[in-house]
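So the sequences go chain by chain: A and B. For the first sequence, the residue numbers in my numbering are 3 to 166. For the second sequence, the residue numbers in my numbering are 116 to 698. A virtual CB, placed ideally from N, CA and C, is assigned to each residue, including glycine. Everything below concerns the one structure shown next.
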Amino acid sequence: MRHIVSLLVENEAGALSRISGLFSARGYNIESLTVATTEDPTLSRMTIITTGSDRIIEQINKQLNKLVDVVKLQDFTEGNFIEREMMFVKVRAVGDDQRAEIKRLSDIFRARIIDVTDTTFCIELTGSGEKLEAYIRAMHEKNVIEVVRSGSMGILRGERALTI
Amino acid sequence: MELSGSEIIIQFLKDEGVEHLFGYPGGAVLHIYDALHKQNDIKHILVRHEQGATHAADGYARATGKPGVCLVTSGPGATNAITGIATAFMDSVPLIVITGQVPSHAIGSDAFQEVDAVGISRPCVKHNFLVKDLNKLAETLKKAFYIATTGRPGPVVVDIPKDITAPHIKIPYEYPKQVKIRSYNPNLKGHPRQIKRAVELLLSAKRPMIYSGGGVIMDGASQELRDFVHHLGYPITQTLMGLGAFPGTDPQFIGLLGMHGTYESNMAMHDCDVLIAIGARFDDRITGVPSKFCPYAQIIHIDIDPASISKTITADIPIVGGAKQVLTEMLKILVNSDQPMDKTATEDWWNKIKSWQKQNSFAYDKKEGVIQPQTVIEELYKVTGGEAYITSDVGQHQMFAAQFYHFDEPRRWINSGGLGTMGFGLPAAMGVKIAFPDKDVACVTGEGSIQMCMQELSTCLQYDVAVKIINLNNRYLGMVRQWQEFFYEKRYSHVYMDALPDFVKLSEAYGHVGIKVEDPNDLHDAMKEAFELKDRTVFLDIITDQEANVYPMISAGKAHNEMELSPLQQKIQASLKTSGEIA
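Quick look at the structure:
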């Protein structure tokens, strides 16, 4: 099953390699991993999307917790949370018809065109992984020049929060 | 007090109570060695290879319960130490390894003797540090000791660039008495409700089994374990790492467990209805195939490391906590409990175990004219009165030592159980002897293992470390040969040790005493002589039966009740079955 695990880790050199190293050393899957500092400069927030049986997921959570650099960890999967991913897509956009079509399609997906040339559009889109994939499918493969995805981020709904 | 980085390291180690430092100098640690030269409180042991330093510090730590400390240089110094660090990691031994590093400005430039020590050691340490700021040096060292020695212990590497230790840069130093790490708070106290549930389950057991491991020794909980087991009156088995926590000669101890454990221990594991695991981690050498492990048992698992619980075997009652505290709590509840025990059932259970004990599963053929490896360990046990510190290398001799030396005290049996590191025995024995100069220390080894760290014989001479080396010399890499005999139709692929050195001459060349024993009749006297030479390192080169095997054995894919017995043991079993003494 797919799990979304959110972590607060010490903002120190090597913390990321400890975490990614743990996944490779123990043969766990990483679908995506995002990391950046928080409002507290000593802490980084990390979101990991992983898959595995219940036993594996339990081990992943325990092994992550065991790392000295991991301050706090929460597996969001059981709870109520929001998940978003951001994507840039560069597409070939030549001729009025095609450019209008891409514009219309992007409006449907609430995507924004953020850069324009005579032959290309660069589009920004935020949403769940499925939504991003649906957009790429709708865009037709042959038109897509480049895709950049951020990996998912997650946050709990309501009052609950992952803080120290 | 204004000190340089090097002086801070030495002063800190003194303040931390470190008495022995195992190390090897080199370019990146020259400043530290200079500071070391100016003092007499910390005794430095110059090993012959950095692997020896880590194993010696490891043996020292296992025997004393105090952290072992190493100092090695950058690059090859650090990489040579890795095997020893990984060994300590697998067996949860508190070790501090200070590695020198090239100067900060040179890091990443492929400088001479540069290696990413933090990166290379990362998968086999509990934690590691690169010191980037002299002002954080003392605090970092304190953190290293704190992390290494608390919770589930383990090795910690502190990588220190050369410029941090420069003699001319001095800063105020104060010993950091305490350190707080917000992300590291090991939990020692078990959950009271879980403990209560566990006690209730234990008291309701009809076929109970206690299975204890190295965690009990590491947590200094041997006395608590003894009180607990004696109060319950239940049978106990111990893992390879746990031997000695509960006395090996106590009638409640039914022997080693697992791949080469006793018949009665393994049969009892298979048939028990309640199993309590204390400071043990359900290693694959214990469980065999997890799906066939303890099929009828409800399992209580006490471990300080939450990640060890339900990793391979699901626990019905998990208790995260230190063995000492949890056992103390359990015993308190047990003593005050009015819940009745099923005495009839547990008596039947003991009777069954006693019938299994008749199997005498360590019985072996005492062939005429050839020394059996088992006899050597029995002789060692007799001559040392069962009170020696025994280190071992890895292989058949390790199993024979575990089977035939009955450890009554914790911290006496020192071997590389998790990583299985050949070459561990001699340097580990050195570390133990340095900690306890007045005790008998023997390294049980084989002609394969001993050659992996034999250079430390030189260290033994330099520091008058008088250990006894019991070399079970069968001219084969015995355990590999055994597997090739069983599973590869005796295709002995590259396990014959041809062109062995003359170990007697070799020991003499190193300045020690060498004795070769070939005749079984000479064994006792030679062993006695070795231990009577109190202040000498003695190398007993004992020529043993070439094709002796370790039995019983649980092969891959088999359950605990599907042990393979030796031909002699099978005969015993057949006659017991005929007489109806065993089902």
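Of the residues the options, the one placed nearest residue i, counting alpha carbons only
i, options, result
"Gly129 (chain A)", "A:Val118, A:Arg112, A:Phe123", "A:Arg112"
"Asn676 (chain B)", "B:Ile448, B:Ser573, B:Tyr411, B:Leu683", "B:Tyr411"
"Phe123 (chain A)", "A:Arg28, A:Met141, A:Val93, A:Val73", "A:Val93"
"Gly363 (chain B)", "B:Ser690, B:Leu446, B:Trp528", "B:Trp528"
"Glu214 (chain B)", "B:Thr198, B:Lys241, B:Thr194", "Checking the displayed sequence, the identity of residue 214 (chain B) turns out to be Thr instead of Glu. Ranking the options by Cα distance to Thr214 (chain B), first place goes to B:Thr194."
"Ile32 (chain A)", "A:Ile84, A:Val146, A:Gly153, A:Glu41", "A:Gly153"
"Asn451 (chain B)", "B:Gln599, B:Leu318, B:Glu679", "B:Leu318"
"Tyr139 (chain B)", "B:Lys620, B:Asp634, B:Thr574, B:Lys181", "B:Thr574"
"His385 (chain B)", "B:Phe361, B:Ile414, B:Val208, B:Thr506", "B:Ile414"
"Gln599 (chain B)", "B:Glu623, B:Glu562, B:Asn664", "B:Asn664"
"Glu57 (chain A)", "A:Tyr30, A:Val37, A:Glu143, A:Gly97", "The displayed chain sequence assigns Arg, not Glu, to residue 57 (chain A). Of the candidates A:Tyr30, A:Val37, A:Glu143, A:Gly97, the one whose C-alpha sits nearest the C-alpha of Arg57 (chain A) is A:Tyr30."
"Thr490 (chain B)", "B:Gly328, B:Asn586, B:Asp399, B:Asp553", "B:Asn586"
"Ala38 (chain A)", "A:Arg162, A:Ala17, A:Ile6", "A:Ala17"
"Ala313 (chain B)", "B:Glu122, B:Gln566, B:Leu446, B:Lys482", "B:Leu446"
"Glu502 (chain B)", "B:Ala557, B:Met116, B:Glu117", "B:Ala557"
"Cys239 (chain B)", "B:Pro218, B:Ala203, B:Ser219", "B:Ala203"
"Leu249 (chain B)", "B:Ile222, B:Asp278, B:Val580", "B:Asp278"
"Thr188 (chain B)", "B:Met569, B:Gly223, B:Phe227", "B:Phe227"
"Leu134 (chain A)", "A:Thr36, A:Val150, A:Thr119, A:Ser19", "A:Val150"
"His170 (chain B)", "B:Ser531, B:Gly348, B:Ser219", "B:Ser531"
"Lys257 (chain B)", "B:Val294, B:Ala221, B:Ser608", "B:Val294"
"Val7 (chain A)", "A:Arg86, A:Phe78, A:Ala163, A:Ile157", "A:Phe78"
"His512 (chain B)", "B:Gly500, B:Ile369, B:Pro525, B:Gly535", "B:Gly535"
"Asp555 (chain B)", "B:Ala178, B:Gln353, B:Leu358", "B:Ala178"
"Pro488 (chain B)", "B:Thr506, B:Phe519, B:Tyr504, B:Lys469", "B:Phe519"
Cut-off 6 Å between Cβ atoms - residues of its own chain near residue i, not counting five sequence neighbours on either side
i, result
"Val632 (chain B)", "Leu638, Ala641, Ile657"
"Gln472 (chain B)", "Glu379"
"Val96 (chain A)", "Thr121"
"Asp650 (chain B)", "Ala581"
"Asp130 (chain B)", "Tyr290"
Cβ-Cβ separation, residue j to residue i (assumed contact under 8 Å), whole Å
i, j, result
"Pro542 (chain B)", "Gly141 (chain B)", "Going by Cβ atoms, the distance from Pro542 (chain B) to Gly141 (chain B) rounds to 18 Å, so no, they are not a contact pair."
"Tyr666 (chain B)", "Gln688 (chain B)", "In fact, because the Cβ distance is near 12 Å, the residues do not count as touching under 8 Å."
"Gly234 (chain B)", "Leu210 (chain B)", "With a Cβ gap of about 19 Å, Gly234 (chain B) and Leu210 (chain B) do not count as contacting."
"Ile391 (chain B)", "Ile325 (chain B)", "5 Å"
"Gly546 (chain B)", "Tyr175 (chain B)", "4 Å"
"Met374 (chain B)", "Ile669 (chain B)", "5 Å"
"Lys548 (chain B)", "Val580 (chain B)", "5 Å"
"Pro635 (chain B)", "Ile486 (chain B)", "5 Å"
"Ile432 (chain B)", "Asp508 (chain B)", "Not quite, the Cβ-Cβ distance comes to about 38 Å (not below 8 Å), so this is no contact."
"Leu186 (chain B)", "Val246 (chain B)", "With a Cβ gap of about 14 Å, Leu186 (chain B) and Val246 (chain B) do not count as contacting."
Cβ shell of residue i (< 7 Å), same chain only, five flanking positions each side left out
i, result
"Val441 (chain B)", "Gly305, Ile310, Ile417, Ile434"
"Asp420 (chain B)", "Arg267"
"Tyr591 (chain B)", "Val610, Tyr611, Met612, Gln661"
"Gln454 (chain B)", "Glu315, Leu318"
"Gly436 (chain B)", "Asn302, Leu303, Lys304, Gly305, Ile417, Ile419"
"Ile262 (chain B)", "Lys241, His242, Val271, Tyr299"
For residue i: DSSP bridge partner residues
i, result
"Thr128 (chain A)", "A:Met88"
"Thr53 (chain A)", "A:Arg4"
"Asn588 (chain B)", "B:Ile658"
"Asp418 (chain B)", "B:Val435"
"Pro276 (chain B)", "B:Gln216"
"Pro287 (chain B)", "B:Glu117"
"Met668 (chain B)", "B:Glu679"
"Leu10 (chain A)", "A:Arg47, A:Lys74"
"Asn723 (chain B)", "Because chain B in this structure spans residues 116 to 698, residue 723 (chain B) falls outside the shown range and cannot be described."
"Arg162 (chain A)", "DSSP lists no partner for Arg162 (chain A)."
Under 7 Å from the C-beta of residue i: neighbouring residues of chain A
i, result
"His242 (chain B)", "Val70"
Per-residue contacts from residue i into chain B (C-beta, under 8 Å)
i, result
"Ala27 (chain A)", "Pro238"
"Ser19 (chain A)", "Gly234, Arg237"
"Glu60 (chain A)", "Ser425"
"Gly54 (chain A)", "Per Cβ cutoff of 8 Å: no residues; Gly54 (chain A) is ~13 Å from chain B at best."
Chain-ordered neighbours of residue i on chain A, where CB pairs are closer than 9 Å
i, result
"Pro421 (chain B)", "Lys64, Asn67, Lys68"
"Ile262 (chain B)", "Val70"
Chain B contact residues for residue i, given Cβ-Cβ distances below 7 Å
i, result
"Glu12 (chain A)", "Ser298"
"Gly23 (chain A)", "Arg237, Pro238"
"Val73 (chain A)", "Arg297, Ser298"
"Gly16 (chain A)", "Val233"
Contact set for residue i: own chain, Cβ-Cβ below 8 Å, skip 5 residues either direction
i, result
"Glu483 (chain B)", "none"
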